[in-house]
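Our numbering puts the first residue of the sequence shown at 1, with every later residue one more than the last.
Built from N, CA and C at the ideal position, the CB exists for glycine as well.
Bear in mind the structure is a predicted one, so any value in this text is a computation, not a measurement.
Written out below as structure tokens is the structure these notes cover.
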Amino acid sequence: MRPDSLEQYVVRGLPDAAGVHPKRASDYKALTRYGVFTFAIFGQLCHISILFEILGATSEKLINAVYAVPWECMDVPNRRALLMLLRRVQTPIRISALGLADVGVQTMLGILKATFSYYTFFSSFNQ
Numbered sequence: 001m002r003p004d005s006l007e008q009y010v011v012r013g014l015p016d017a018a019g020v021h022p023k024r025a026s027d028y029k030a031l032t033r034y035g036v037f038t039f040a041i042f043g044q045l046c047h048i049s050i051l052f053e054i055l056g057a058t059s060e061k062l063i064n065a066v067y068a069v070p071w072e073c074m075d076v077p078n079r080r081a082l083l084m085l086l087r088r089v090q091t092p093i094r095i096s097a098l099g100l101a102d103v104g105v106q107t108m109l110g111i112l113k114a115t116f117s118y119y120t121f122f123s124s125f126n127q
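Below is the structure:
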């Protein structure tokens with residue numbers, strides 16, 4: 001069966017691929033509602049993780065750029081300003097979730113792996 005619309009793909013194509021077989025019309029309605037919601041949440045997780053990973057990489061580039069400034073050719077007030085900037089950028093910017101784990105792509109992959117593991121574990125009880 002070739003899906004003609006996005007709704008038919010979501011309602012009929014994805015459940016078969018995921019091993020979910022809805023029986024009633026209310027199951028299809030719930031699947032379209034919560035399936036789209038689930039994909040939106042996972043998309044948001046991916047966007048935030050990639051954004052914070054780019055922020056960390058840019059922070060590393062900033063550290064290298066500040067260290068490469070030719071401070072020998074500057075006058076004293078500019079050297080002092082550069083020294084303050086140098087002290088500020090010595091620690092790279094890392095965003096963490098409640099101080100427990102850094103937010104990034106590796107954390108996102110861990111969350112996705114754990115989510116899929118829980119899904120397969122609980123769906124095995126349903127059979």
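Query raised in the report: Taking contact to mean at least 3 C-beta pairs separated by less than 8 Å, is the stretch 84-97 in contact with the stretch 112-122?
Result: no
**Report entry** As assigned by DSSP and simplified to three states, the class of Ala-68
**Finding:** Three-state result, Ala-68: coil.
Query - Backbone CA spacing between Phe-122 and Thr-38 [nearest angstrom] - result: 17 Å
Query raised in the report: Are Glu-53 and Gly-104 closer than 7 Å when you measure CB to CB?
Result: yes
Query raised in the report: Can you tell me the Cα-Cα spacing of Thr-107 and Pro-77, whole angstroms?
Result: 43 Å
**Report entry** With 16 other Cβ atoms within 10 Å as the buried cut-off, status of Leu-109
**Finding:** exposed
Query raised in the report: For the putative contact between Gly-35 and Pro-92, defined by C-beta atoms under 8 Å, what is the C-beta separation to the nearest angstrom?
Result: With 8 Å as the limit, Gly-35 and Pro-92 do not qualify as a contact, their Cβ atoms being about 38 Å apart.
Query raised in the report: Whose C-alpha, out of Ala-40, Leu-45 and Gln-90, is nearest the C-alpha of Tyr-67?
Result: The shortest Cα separation from Tyr-67 among Ala-40, Leu-45 and Gln-90 belongs to Gln-90.
Requested in this report: Excluding the 5 residues preceding and the 5 following Ile-95 in the sequence, name in chain order all residues of the same chain whose CB lies nearer than 6 Å to its CB.
Outcome: Taken in chain order, the residues that qualify are Phe-52 and Val-103.
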